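Trainee: Could you have a look at this structure, given as structure tokens, before my questions?
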Amino acid sequence: MKVYTKTGDKGTTALFGGTRVPKDHIRIDSYGTVDELNSYIGLIRDQEIDSHYKTLLIEIQDRLFTVGAILATPQEKEVLKNGELRLKNLGIIDSDIELLENEIDKMEESLPQMTNFVLPGGHPTVSHCHIARCICRRAERLAVHLSHNEHVPEIAIMYLNRLSDYLFVLARKLSFDLKAEEVKWIPRK
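Quick note: the sequence shown uses full-length UniProt numbering, first residue 1, plus one each step.
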């Protein structure tokens, strides 16, 4: 199978199920941003961090492939002609969100309580987490925008929302673990 197909040379691409849409369609932007996030999480995973975080980041990357597949499938193509679900063995489930919430809670147990906003930075690994968090928020906004006109399962949006929270707390936890300076934002008086 060749990587290049030439089918997108005129600015269109195919969704799951074969429907062709312009490459700047909100659905493409939505799952493309999830792909960008997935790549950035791979960069975080490549850093010198605890193996527990690396293992969880692999799980998150797997779930993001699922979110991407969900976003790439128009509602009218969710069911195959034989009646089976196109994404039969894929889906985001409540336990995926609970896993992120449990990990957030565990990390927060060892962190000082936040009293101010935190400025991104302090260590390259921490900065990568903050960039991933911003990409995740953008992916969430795009998925919400898509949901105004087309079907998007609510749980996919919930997962992106919780993942951005996880990435924020991971940035704080890695700051703590790496003894990096956590700069607090102090508004002018």
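The beta carbon of each residue, even a glycine, is placed where N, CA and C say it ideally should be.
Bear in mind the structure is a predicted one, so any value in this text is a computation, not a measurement.
1. Out of curiosity, what's the CA-to-CA distance linking leucine 119 and tyrosine 40?
2. Give the single residue among Asp9, Leu170, Thr115 whose Cα lies nearest to the Cα of isoleucine 49.
3. Using 10 angstroms around the beta-carbon of histidine 148, count the other beta-carbons present and answer buried if the total reaches 16, otherwise exposed.
4. Thinking leucine 178 and histidine 123 are a contact (beta carbons under 8 Å), I'd like their distance in whole angstroms, please.
5. Am I right that glutamine 75 and histidine 145 are in contact with their C-beta atoms under 8 Å? What's the rounded C-beta distance?
6. In three-state terms, what does DSSP make of valine 183?
7. According to DSSP, valine 118 sits in a beta bridge with which residue or residues?
8. Using the C-alpha atoms, what's the distance from tyrosine 166 back to threonine 33?
9. Around the C-beta of isoleucine 186, are 16 or more other C-beta atoms found within 10 angstroms, so that it is buried, or is it exposed?
10. Are the beta-carbon atoms of valine 67 and isoleucine 28 separated by less than 8 Å?
11. Let's see if you can read the secondary structure: which residues bound the alpha helix (DSSP H) around valine 144?
12. Would residue 202 pass as a contact of leucine 160 if the rule is Cβ separation under 8 Å?
13. What do you reckon, are the CB atoms on serine 175 and valine 126 nearer than 8 Å?
14. How long is the line joining the alpha carbons of lysine 173 and lysine 6, rounded to whole angstroms?
15. Considering only the alpha carbon of each residue, which of Met114, Lys106, Lys184 lies closest to tyrosine 53?
16. Classify threonine 73 as helix, strand or coil using the three-state DSSP reduction.
17. Going by other Cβ atoms of all chains shown within 10 Å of its Cβ, with 16 needed for buried, is tyrosine 4 buried or exposed?
18. Could you check the C-alpha separation between isoleucine 157 and isoleucine 97 for me, to the nearest Å?
19. What does the alpha-carbon distance come out to for the pair aspartate 46 and glutamate 36?
Mentor: Quick answer:
1. 20 Å
2. Answer by Cα proximity: Leu170.
3. exposed
4. Cβ atoms of leucine 178 and histidine 123 come within 8 Å of each other, at about 5 Å.
5. Under the criterion of beta carbons closer than 8 Å, glutamine 75 and histidine 145 do not qualify as touching, at roughly 16 Å.
6. coil
7. Lys184
8. 18 Å
9. exposed
10. no
11. 124-147
12. Only positions 1 to 189 of the chain appear in this structure, which leaves residue 202 out of reach.
13. yes
14. 45 Å
15. Lys106
16. coil
17. exposed
18. C-alpha of isoleucine 157 to C-alpha of isoleucine 97: approximately 11 Å in a straight line.
19. 16 Å
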